[in-house]
Structures are given as C-alpha cells and as structure tokens.
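Each remark here refers to the structure printed beneath this line.
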Ligand SMILES: [Zn+2]
C-alpha cells in the first residue's frame, strides 16, 4: 500500500510522531487517511501542534476524534504572531488554561523564535515569553521552534521554571546541543536524519535517552525516499531505521527508547485512550 521504500515495521515495534500539524489545511479532508496510515505503520501516537487560535481549536477536535492516537499541543507559532490580534492571543491563552487539566492537551507548542522574521522580533519575544510563563503556571511541557535562535533559546530557558523542553528539528549550532542535553531537554528529529549529513552528525551526538522522532508534516521533503510524497507519520519507521544505523544498534532498541521518552515527556501511556 505504501510502496516498498518504507522500512519494514515489525509488529512488535511501536513508533511515535512527536511533532506534526494535523490541523493544517494540507491535511484537510484526509485526516482519517493520515491517522490510518500511521496505524498501519505502527505509529501509535501523534502529537499535533497548533499555530494559532483557529488551528488550536481544530487540533482539539482532532484529539477528541482520535482518542489515544492524536494528542494536542497548543500554542502560537512565531510565524503567526505578525497578524495576531490582542484578543486572539488572550483567547488562545485562555483555551490552553481551560484545557490544561484535560488529557487531550499534552504540551504547549509550537512556540519559539525565528530569526528569519526580524521585523516582528519584539512581538515574537513577547508572545514566546507569555507562552513560557503559561507553561510554568500550568506545569506543561513545551515544544520549541528555534530557527536561527537555538543558542539564544537554550541560554534563556533555564531562567524559566519550565520542566520539560523539546527542541524540534534541532539543526545547529553544535555548541548548543551539549548545553541542551545537559539541561535535560529532549530533541526531536525527522526525515532529514535519512539524507542530511548535518542532521546525521547531530543525531550521532544525541543520546537515545534524549531523542524523539517527528515528521513536522505537512512540511515536504525533497530528497529521496521522501521526494514527491505527502508527509505522513508512516515515514517514522524509515527515520528510526536511519537512527539505528547511525547509532550502530537495531531499530527495536531505538523504537523502545523513543517510545519511553515520548511517554515520559508527554505523560502519556501508549495504548490507552484518553
Ligand atoms: Zn512544526
């Protein structure tokens, strides 16, 4: 059904996607298909990250619709702060607070800072700071976007009382990687683990006890074996195989570590409906 380029997913192995955007318009109308693809590839849980208020509401609906398979991470992405009205910001903060005692919501994300959008830097900083304070208050993990800002974020996070941090798609600099690991942060990597030498060098340095797997779908990847394909959680077994090769271990061992990290980080028990 998926073509033979997918890594074989042994029935005993369980995989997870710690970072996808199932509420994105690109998946609109085919959410069922994507969740089915995940199940068929033994990807047993997905954490769907929101970008703004609208996608936060949709993310919650999806988590309700697929209990035990789809979990919600709600937040304001740095790319959406430009058009963010004050009332939308407050409604999003309220929605997260309301949901914080319910099991659908497992983290605040995707939040962070992006150096590409310098013209809205102050606004990014303000929203990120509010989200981190909310995470402190609600005792929720955070999922961080840090394009061009990783070193700065790794340095600033210890001043917040946020207990669990996931740096998604860590790509540089290497100097921030050891600091992040020493701080107890988790790091999630995805499709580039299969083809990018830069990411492969990073994955080699991340202990299995700090590593999570992700797709960041619907972001598309233009290198084989992902080229021309809609990004799906069914990519995860291939990513796990690539990690196993880099770590000189077997895929079962990687999958086991990642499943354990996922459960510890999000406070989810795999295989249980929420
Ligand atoms: Zn993302």
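In the numbering used here, the protein residues as written are 752 to 1025.
C-beta: ideal position from N, C-alpha, C; glycine also.
(request) Just grab the DSSP bridge partners of residue 800 for me. (result) Here residue 800 refers to the residue found at position 49 of the chain shown. Bridge partners of residue 800: 824.
Kindly examine ligand 1 and report whether one of its heavy atoms sits closer than 7 Å to the Cβ of residue 776.
-> What you label residue 776 is simply residue 25 of the chain shown in a count that begins at 1. For ligand 1, not one heavy atom lies less than 7 Å from the Cβ of residue 776.
Practice problem: Please find out if some non-hydrogen atom of ligand 1 comes closer than 7 Å to the beta-carbon of residue 800. | Solution: Here residue 800 corresponds to residue number 49 of the chain shown, with the count starting at 1. Relative to the non-hydrogen atoms of ligand 1, the Cβ of residue 800 comes within a distance shorter than 7 Å of at least one.
What is the rounded straight-line gap between the Cα of residue 863 and the Cα of residue 959? Numbered from 1 along the chain shown, position 112 holds the residue referred to as residue 863. Numbered from 1 along the chain shown, position 208 holds the residue referred to as residue 959. Cα to Cα, the separation comes out at about 24 Å.
From the DSSP output, in three-state form, read off residue 942 for me.
Translated into the one-based positions of the chain shown, residue 942 becomes position 191. When DSSP states are grouped into helix, strand and coil, residue 942 belongs to the coil group.
Assuming residue 1007 is part of the beta strand (DSSP E), what are its boundary residues? Stepping through the chain shown from its first residue, residue 1007 is reached at position 256. Taken as a continuous stretch (DSSP letters only), residue 1007 belongs to no beta strand (DSSP E), being part of the alpha helix (DSSP H) at 1002–1017.
### Task
Report whether the distance from the Cβ of residue 919 to the nearest heavy atom of ligand 1 is below 7 Å.
Along the chain shown, one-based indexing puts residue 919 at 168. In this structure, residue 919 has its beta carbon less than 7 Å from a heavy atom of ligand 1.
message: Strictly by DSSP, which residues pair up with residue 831?
response: Walking along the chain shown from the start, residue 831 turns up at place 80. According to DSSP, which records beta bridges pairwise, residue 831 is partnered with nothing at all.
Using a Cβ distance threshold of 8 Å, determine whether the stretch 853–873 contacts the stretch 774–786, with at least three qualifying pairs required.
The stretch 853–873 and the stretch 774–786 do not touch, with fewer than 3 CB-CB distances between them shorter than 8 Å.
Report task. Out of 827, 1014, 896 and 877, state which residue places its alpha-carbon closest to the alpha-carbon of residue 961. Result -> Locating residue 961 in the chain shown gives position 210, counting from the first residue. Among 827, 1014, 896 and 877, the Cα nearest to that of residue 961 belongs to 1014.
Three-state secondary structure (DSSP) of residue 949: The count along the chain shown starts at 1 and reaches residue 949 at position 198. Here residue 949 sits in helix by DSSP.
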